[in-house]
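In terms of our numbering, the sequence shown opens at residue 605 and continues consecutively. Glycine included, each C-beta is placed from N, C-alpha and C at the ideal position. Only one structure is covered here, and it is reproduced in the block below.
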Amino acid sequence: MKTDDGRNISKNDYFQELKTEIDKLRSANLSYDNQVRMLKAENDTLKKKNIEKTNEMGILKEKLESFESTRDVERSENKTLLEKLKSVVQKNQELEKQLESLSEVVSQLENMKQENADLLEKIEKQEIELKQFTERNSELEIEASRSMEIEEANTLLKNQIKDMEERVQFLQKKEEELELCNLSVKKKDFELGLLKGQVDDAKLALNMCKETLDFFKGIPMVIDSTDRKLVNVSDTRKPKKKLEGLNC
């Protein structure tokens, strides 16, 4: 018999070829079935993964919504913090202005300190003069009986005492000014120690000046007949406290 391609073969060979072709087709069909099963398994796996991804997307969506809500809260908190920061900046500006005022007060206190230093220098010079007067007192004790000269000397001494009293009043006024400055600066904690120390120094200087004044009041004075200068005719008494280092 002839085949489709024109060959002459026997029936057995023809059936054998058909059987071979059928086996090939069956094998190909089995391979195709296996591929279909594999593709189906992969499709099921992809469906599961798709479901998992869908679930993950839902979770991520919830997280995103929570994040947006958190961001809204943070925006509100940031707005509140910004307002607080503006308030702090405003307070800092006010403090800077107050610091400028305090700088002016400190400058005034420095000027007052310089004035006190000048007064101290004058008092030291007067102390030297008093020492010179004391040295000359021993030379003029023989003229102590001259009452008129003693009265004149006492008058001059009273004038000096009056001058010292005026200086004491001046120092008291300075003390009051320092106390007022101290009350103003006490509002600022970091200036408290400085102002308090200066006020205490002024008080100490005032007390020392008062003691010096008391010392002057206890010294009788005369006028030298040769050069008409004020001298001391007291006995060998000495003040209980030294004048050296006096700080007014």
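The closest CA to that of L775, considering only L808, T759, Q620, is found on L808. Contact annotation: C785 and Q712 have beta-carbon atoms nearer than 9 Å. Three or more pairs of CB atoms, one per stretch, sit closer than 8 Å, so the segment 799–818 contacts the segment 711–731.
When the Cα atoms are used, R630 and S614 turn out to be separated by approximately 24 Å. Check the Cα spacing between A757 and each of E731, L664, E728, F820: the tightest is with F820. In this structure V772 is in contact with L817, their Cβ atoms being roughly 6 Å apart against a cut-off of 8 Å. E743 sits in coil when the DSSP states are folded into three classes, being neither helix nor strand.
It is roughly 49 Å from the alpha-carbon of K777 to the alpha-carbon of L686. By the C-beta density criterion, V803 is buried, having at least 16 other C-beta atoms within 10 angstroms. CA-to-CA, the gap between L782 and N682 works out to about 47 Å. Under the three-state reduction of DSSP output, S711 falls in the helix class. Look at S614 here: in three-state DSSP terms it is coil, with no helix or strand label. Counting only residues of its own chain and dropping the five nearest sequence neighbours on each side, E660 has no CB closer than 8 Å to any other CB.
Secondary structure of G662 (DSSP, three-state): helix.
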